[in-house]
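Engineer:
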Amino acid sequence: VNKHSAENPLLPSCRRASELASAAVDRELTRRERWALRFHTLLCSACRRFAAQMRLIHQLFADISDSRRQRLQIRTLRLPRQSRQRIKQLLWEEGNRPPQK
Amino acid sequence: MTVRSSLTSQLDDPVNWVDRYGDALFRYVGARVSNREVAEDLVQETFLAAFRQRKSFDGKSTLGTWMLSILRHKIIDHYRKSHRQANDINETLETAPSFSPAGKWLSSPARWRQTPDQLAENAEFWHIVEGCLEDLPVHLAHAFELREIGLLSVEEASRQSGITPKNLAVRLHRARLLLRSCLERKWFQRSSGVTP
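Heads up: the sequence lines are chains A and B, in that order.
Everything in the first sequence is counted per the numbering used here, starting at 124 for the first residue and increasing by one.
Everything in the second sequence is counted per the numbering used here, starting at 33 for the first residue and increasing by one.
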């Protein structure tokens, strides 16, 4: 039960439809979810586009070259270079600080 | 080299720690806070604290595990200081909402005219993608990264980020909404004249 439970499961809002379109990239939807999404996108061109864009993005990332994949990982989930340099500098200063009394 | 002396030399070379453990610590904190600067600060504080407390490291765990436990405390402190709950990443909070309270699009997705073939090898497009990913709240970028770039299953990705599959689904949804609208704004609306 979630906050959207008041919604008619067969007539989901665009928000709910977009959640389903996102989930469809990650897992197999249940039969009920599949019908809700299908029915909604039949009537709603915005969500139809959204669902297609989710598939497009997923496909683009699935097909990238190893070098680009690595580059993307470095940019998003590695400690950024500037931070790295700054921390090294701070540690170096800490290690070379004259002993305190 | 004995175990003891290799341990001592590791401890005496803190500048090397950053290359060895920096990414792992950043990934850990990345799943737990939303703000990139906060994430970087917490990693920095962890290294400095580890250096100051290095005498208390007993070698029972690995150096990396020990630093991770320091970071874990830093994260708890951070949330306590900011008067928020430890799980304060509010999964439903939308800083830039995509939907009205009734669940309708505030701004409908536009039609993208380019095909995957036209985009896959387009360096400019990927440059925009990188920028858009960097603009995401770090916990959302983290979720997206594990799943779409790291190609992990939902189960594996949620295990690695220490959240439930359901929470991961919420983060992925948010990440995709933000990435989608960023790409639309910065690429698809601008490049329609560039590519036939």
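Heads up, the beta-carbon is just placed ideally off N, CA and C, and yes, glycines get one too.
Bear in mind that the values here come from a model prediction, so they are computed numbers and not experimental data.
(1) Can you tell me the Cβ-Cβ gap for B/Q76 and A/S206, rounded? I've got them flagged as a contact below 8 Å.
(2) Could you tell me which of B/T94, B/W144, B/L74 sits nearest to B/E216, measuring between CA atoms?
(3) In chain A, which residues lie with their C-beta within 7 Å of the C-beta of B/S140?
(4) Below 8 Å between beta carbons: does that hold for B/F176 and B/L183?
(5) Indicate whether at least one CB of chain B lies closer than 8 Å to the CB of A/Q203.
(6) If B/H171 sits next to B/V65, beta carbons under 8 Å apart, how far is it from one beta carbon to the other, in whole angstroms?
(7) Applying the criterion that 16 or more other CB atoms from any shown protein chain within 10 Å of the CB defines a buried residue, is A/A174 buried or exposed?
(8) Along the chain, which unbroken stretches of the alpha helix (DSSP H) at least 4 residues long are found entirely within the region 136-204 of chain A?
(9) Which two residues bound the contiguous alpha helix (DSSP H) that contains B/P46?
(10) Mind pulling the chain B residues with CB within less than 8 Å of A/R198?
(11) Is the CB of B/L209 under 8 Å away from at least one CB in chain A?
(12) Mind checking which residues open and close the alpha helix (DSSP H) that includes B/D149?
(13) Taking the alpha-carbon positions, what's the A/S237 to B/A56 distance?
(14) If you draw a straight line from the C-alpha of B/I213 to the C-alpha of B/I107, how long is it?
(15) So, at 6 Å on beta carbons, what are the nonlocal neighbours of B/F89 in its own chain, with the 5 sequence-adjacent residues on each side left out?
(16) Just verifying my parser: in three-state terms, what is the DSSP assignment at B/W144?
(17) I need the straight-line Cα distance from B/F83 to B/S93, nearest angstrom please.
(18) From the DSSP secondary-structure annotation, give me the bridge partner or partners of B/F131.
(19) How many Å lie between A/L166 and B/Q150 at the Cα?
(20) Given A/E156, which residues of its chain have a CB within under 6 Å of its CB, disregarding the five upstream and five downstream residues?
(21) Between which two residues does the alpha helix (DSSP H) carrying B/V65 extend?
(22) Is A/W215 close to chain B? Criterion is C-beta to C-beta, closer than 8 Å.
(23) Rounded to whole angstroms, what is the Cα-Cα separation between A/Q193 and A/L152?
(24) Give a yes or no on whether 8 Å exceeds the smallest Cβ distance from B/L256 to chain A.
(25) Is there contact between the region 152-166 of chain B and the region 185-202 of chain A, where contact requires at least three CB pairs shorter than 8 Å?
(26) With a cut-off of 8 Å, does the C-beta of A/R154 fall near any C-beta of chain B?
(27) So that I know if they touch, is there some Cβ in chain B lying closer than 8 Å to that of A/L165?
Structural biologist: The structure says:
(1) 7 Å
(2) B/W144
(3) A169
(4) no
(5) Note that residue 203 of chain A is Pro in the sequence shown, not Gln. Interface residue, yes.
(6) 7 Å
(7) buried
(8) 137-149, 154-166, 168-186, 189-200
(9) 46-62
(10) E162, L165, E166
(11) yes
(12) 148-152
(13) Lying outside 124 to 224, the shown extent of chain A, residue 237 of chain A is not represented and no answer is given.
(14) Per the sequence shown, the amino acid found at residue 213 of chain B is Ser instead of Ile. Near 31 Å, if we compare the C-alpha coordinates of B/I107 and B/S213.
(15) W98
(16) coil
(17) 16 Å
(18) B/W137
(19) 29 Å
(20) L143
(21) Unbroken run through B/V65: none, as it is neither H nor E.
(22) yes
(23) 30 Å
(24) Residue 256 of chain B is absent from the model: chain B starts at 33 and stops at 228.
(25) yes
(26) no
(27) no
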